[in-house]
Structure formats: C-alpha cells, structure tokens
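If you're matching positions, the sequence shown starts at 80 in the working numbering and goes up one per residue.
Beta carbons are placed, not taken as given, at the ideal position from N, Cα and C, and that holds for glycine.
Owing to the predicted nature of the structure, the values given are computational and were not obtained by experimental measurement.
Below is one structure, written out as structure tokens, with a few remarks after it.
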Amino acid sequence: MNTKLASIALAIIATSASAYAADQDNTRAQVRAELEQAYARGELNRQPEFVEHLHVVASKTRTAVRAELDKAVVQGQSGTQSAEFTEYAGATAGKTRAEVQAELEQAYARGEVGQQEEFVEHVRIAGSKSRDEVRDEAIRAAKARLTSTSGS
C-alpha cells in the first residue's frame, strides 16, 4: 500500500515538474518588444513615469478658488450631496451620554449584553512590571480562561 502511494506521489510530482518547466516566462527583451508593439498599435499611451511638478503655474489664485467654492455651496453644487461626502453638521444626538450608559448598565444587569472588557488600561504596561508579575498575571489569565471554557 505504501509503495503504491509513494509511486503515485512521485508520478504526480514528475508531471507537475514537467508542466512547470514547460511554462517559461518571457524575457525582458520579449516584454519590451511586446510593449513597443502595443504602443505602435495604439493600445497603450506613452506617458512619462515621472511628472515634474516644480514649475507648475497655477491658473487660479487661492482666493479665486475659495470664492468659486463659496458660490457653488450657495448654489448647492459643492458636492456635499454626493455619496462620497457625508455632512455631519445636521446630525444630532438622540440620547445623552448618561442615558446611553444607564441603558447599557441595565442591559448588563439583565444579561442582554455580555460584559467584555474592551478597555485596556495602559497605565501599567509590561515594561513597568517585573518578570514575576508578568508571569503571575499570565498564569492567572490562563487559569481564568481554562475555568471559563471548562464550565461552559
């Protein structure tokens, strides 16, 4: 049985190796020749890879652009209604922070929401703890995880 599987595996490896060897990539010269042919056929535009932006002359002043934008805002054409931009100025809170916190505490008490610590206290980072403190903390966390998963 093992000999049969080994011979099948070798046959598959030999087949894939020969297929890989037959699949040759183009050389750099061939790629450049194909690129030149694409330029000649008009399939690609010749564009410089680098555009010099040092000597660009502005057609409008900053003041003119701001005036144009203010005019567009008045006419409702500023782009604020497009899907790409969201205006938050009109958004109002439905509840106060205290109301939301009270509702959350009630949901915790009723068991509707699982109480998970999302806040990580960064006051005592690992660099300020001794090696023994870190080890003890890791052991306690592992034991707590073990008891919480075994109890479920």
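Can the beta-carbon of residue i be found closer than 8 Å to that of residue j?
| i | j | result |
| --- | --- | --- |
| Ala186 | Val179 | no |
| Tyr118 | Arg125 | yes |
Can you tell me whether DSSP reads residue i as helix, strand or coil?
| i | result |
| --- | --- |
| Arg176 | helix |
| Glu122 | coil |
| Lys83 | helix |
| Glu212 | helix |
| Thr106 | coil |
| Thr140 | coil |
| Glu191 | coil |
Might you give, ordered along the chain, the residues of its own chain that have their beta carbon closer than 8 Å to the beta carbon of residue i, omitting 5 neighbours on each side?
| i | result |
| --- | --- |
| Asn105 | Glu113 |
Going by beta carbon distance, what residues of the same chain come within less than 6 Å of residue i, once the five residues before and after it are set aside?
| i | result |
| --- | --- |
| Glu182 | none |
By Cβ distance, which residues of its chain are closer than 7 Å to residue i, with the 5 residues on each side in sequence left out?
| i | result |
| --- | --- |
| Gly190 | none |
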